[in-house]
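The sequence shown stops at residue 558 when you use my numbering, and every number in between is there. Okay, structure first, notes after.
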Amino acid sequence: MIPGPDDGGATVLALIERQAAVRPADDFAIAPETGRRLSFADLHGCARTLAAHLDRHGVASGQHVAMLLPNGLQALRLFIGTMAAGRVIVPLSLIAQPEQWCQVIVHAEVVAVFVAPALEERLLPALARLDRRVLVFSADPDEITVAGETENGAVAACQEPTPVTPALLMYTSGTTGRPKGALLTHRNVVTGARFVSGAHALGPTDRVLAILPLHHINAQIVTALAPLFHGGSLVMPHRFSVGEFWRLAAAHACTWLNVVPTMIAYLLQDEGGPQNAASRARLRFCRSASAPLPPAQHLAFEARFGVGIIETMGLTETAAPIFTNPLDPARRKVGSAGQAYGCETRVIDPRSGRDVAAGLVGEIVVRGDNVMQGYFRAPQESAASFTPDGWLRTGDLGYRDRDGFHFITGRLKELIIKGGENIAPRELDEVLLQHPAVLEAAVVGIPDDNYGQEILAAVVLRPGAACSEAVLREHCRERLGAFKAPQAIRFVSELPKGPSGKVQRMRLIDGDWS
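Structure representation (structure tokens):
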């Protein structure tokens, strides 16, 4: 039985202790580059030595500790162990700049940072400019201790956090302005892990290929904490590699995959792929999240690789999952984010706050034990993110069909209003992606004197492909009509994306063109 949010599994430490007691010698994580393994007993020991290390350096329970590391056993055990030790982990994005790291460190009131040696030369000069001291612990990505952590064999009993103790402070990849820090409790993150495990019927025999960056909520909840919840395991390479993807999945007998749509697009472009059906024999499904998956890519992936895709959707503010399609392929709906799982959702009119009928577009709101209490040190933003009766406003536009499946049409702030008509950018994205020369596409609204807004499309062509603006505009006109066809199309080398691979349209509006 999957534990409820209020029982002994409602803290990260409780999850570790439960698995260490039931299956101490079983693998929890494998590093393919080195072959090193981390058992559940190892993870329990790591949490205790890490607690002692932080105690010894004066980092008290409840204080905030940042982490700046590539994927690997070190990053995994620091991410989990810091929460288990009663501190709040603050993951820093590897693709951000030193100034952005310091902005987060200052705003989050971070007192210590775990950093990979290769990144110290970028971080330390920036930290030196701050008006207070921040402890820096050098952490080799391929090890499972940091310098001085195990000196004198010191260990400490972890002080048991409570379900409402803060565990994770995750800064959203804001497209404009200052990113906000979603503060998630132990209950929030454990509930997210519970939802993933339950929705996909995962258990101790399941193993995931963990290729998403651990500085993103998807990897944190889905590929790190969910296996800890259900007693499964994960294979965590340093980074995603198209050429190594299928080999790693087969070599380590993975039973499921967790990817984002950008990865699916690159895998479809690879001329290699799995060598034979046997290399995919153990794979039960591929989970896609973090951005809507174009139906054409969904069906092409399944047809080529023979692995079914379960499309899902979640947010940083909801500890990842909100919606998921069913495990049974016969019950799924391609193009849908799925049905609400474990939490409550509604579709409302953004202005009146009233529910809209099935099939009508509105803003999606959510309520449940996975939902954050608010943003750290941002009372006004926190208040604005909830309806008066306590539902989190996701900012996502979409509709619910009569079967309870939800379809995302865009972001509230990204909605194009041309001549008084609402146009969902995703509708145009999908039409552009149907053209054989197009690899990626993102549509945005730009100011226009006549219509209020006009439509501009950014397009990445497939390698070796050639296509003109006129051809693509006619392609859209034939399928959507002249009114919805882009006024302008710009060909770019890549689209601006956040750490999860989600296209950041607001940066295109602000002129961030590659």
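All residues carry an ideal CB built from backbone N, CA and C; glycine is no exception.
Buried or exposed by the 16-neighbour rule on C-beta atoms within 10 Å, applied to Glu-42: Look at the range of the chain in this structure, 45 to 558, and you will see that residue 42 is not part of it.
Test item: CB-CB of Val-351 and Leu-327 under 8 Å: yes
Best match in Glu-61, Lys-377, Glu-471 and Asp-473 for proximity to Leu-205 [C-alpha to C-alpha]: Residue 205 is actually Pro in this sequence, not Leu. When each option's Cα is compared against that of Pro-205, the closest is Glu-61.
Range covered by the beta strand (DSSP E) that runs through His-260: Per DSSP, His-260 lies in no beta strand (DSSP E) segment and is marked neither H nor E.
Straight-line gap, His-296 to Asn-302 (C-alpha atoms, nearest Å): So the alpha carbons of these two residues sit roughly 15 Å apart.
Minimum C-alpha distance to Ala-243 - residue among His-282, Val-266, Glu-513 and Arg-506: Taking Ala-243 as reference, the option from His-282, Val-266, Glu-513 and Arg-506 with the minimal CA-CA separation is Val-266.
Proximity below 8 Å, CB of Ala-509 to CB of Leu-476: no
Phe-72 beta carbon less than 8 Å from that of Pro-271: yes
Other residues of its chain near Gly-218: CB distance less than 7 Å, five sequence neighbours each side excluded: Low per-residue confidence applies at Gly-218: pLDDT is 48, beneath 50, and the placement is therefore not dependable enough to give any value.
Simplified DSSP state of Ile-139, which is helix, strand or coil: coil
Environment of Phe-123 [buried if 16+ CB atoms lie within 10 Å]: buried
Ile-366 - containing beta strand (DSSP E), residue span: 364-368
Continuous alpha helix (DSSP H) stretch holding Ile-553: start and end: That run of the alpha helix (DSSP H) goes 549-553.
Chain-order list of residues whose beta-carbon lies under 8 Å from that of Phe-345 (same chain, five-residue window excluded): The residues Ile-308, Leu-311, Leu-312, Cys-330, Val-351 and Ile-353, in chain order, have a CB closer than 8 Å to that of Phe-345 in the same chain once the five nearest residues on each side in sequence are set aside.
Within 8 Å, strictly: CB atoms of Ile-261 and Met-357: No, the pair does not count as a contact, with Cβ atoms beyond the cut-off.
Cys-511: CB within 7 Å of a non-hydrogen atom of the ligand HEM: The model on display carries no ligand, and the ligand HEM is accordingly not part of it.
From Pro-338, Thr-249, Ile-533 and Glu-522, residue whose alpha carbon lies closest to that of Asp-70: Thr-249
Residue span of the alpha helix (DSSP H) that contains Val-240, given as start and end: Run containing Val-240: 230-243, per the alpha helix (DSSP H) assignment.
Range covered by the beta strand (DSSP E) that runs through Cys-90: Careful: Cys-90 lies outside any beta strand (DSSP E), inside the alpha helix (DSSP H) at 84-100.
Beta-carbon proximity of Lys-528 to Gln-497, cut-off 8 Å: no
Spatial neighbours of Leu-456 in its chain, beta-carbon cut-off 8 Å, leaving aside the 5 residues before and after: Pro-394, Glu-407, Gly-439, Asp-440 and Leu-441
Within 8 Å, strictly: CB atoms of Val-482 and Leu-552: no
Cβ neighbours of Ser-429 in the same chain (closer than 8 Å, five flanking residues each side left out): Glu-361, Gly-418, Tyr-419, Leu-436 and Arg-437
Whole-number beta carbon distance between His-108 and Val-575, since they are thought to touch under 8 Å: Nothing can be reported for residue 575, as the shown portion of the chain is limited to 45 through 558.
Own chain partners of Asp-50 with C-beta closer than 6 Å, once the 5 adjacent residues on each side are dropped: Only weak support is given to the placement of Asp-50: the predicted model assigns it a pLDDT of 41, under 50, and the question is left unresolved by the model.
N- and C-terminal bounds of the beta strand (DSSP E) containing Gln-497: For Gln-497, the enclosing beta strand (DSSP E) has its first and last residue at 496-505.
Contact under 8 Å by Cβ, Val-56 with Val-233: yes
Candidates Glu-474, Gln-118 and Ala-170, of which the one nearest His-342 by Cα: Glu-474
Pro-432 vs His-259 beta-carbon contact at 8 Å: no
Own chain residues within Cβ distance below 8 Å of Val-180, not counting five before or after: Ala-156, Val-157, Val-159, Glu-164, Leu-167, Leu-168 and Leu-171
Endpoints, the alpha helix (DSSP H) within which Ser-426 is located: 423-428
Residue environment, Ser-396, which counts as buried when at least 16 other CB atoms sit within 10 Å: exposed
Residue interval of the beta strand (DSSP E) (run including His-450): 450-455
Closest Cα partner of Thr-209 within the set Pro-507, Val-132, Arg-177 and Glu-143: Selected option, being the one with the closest Cα: Val-132.
Straight-line Cα distance separating Arg-521 from Leu-228: 45 Å
Opposing strand residues paired with Thr-299 [DSSP bridges]: DSSP output for Thr-299 lists no bridge partner at all.
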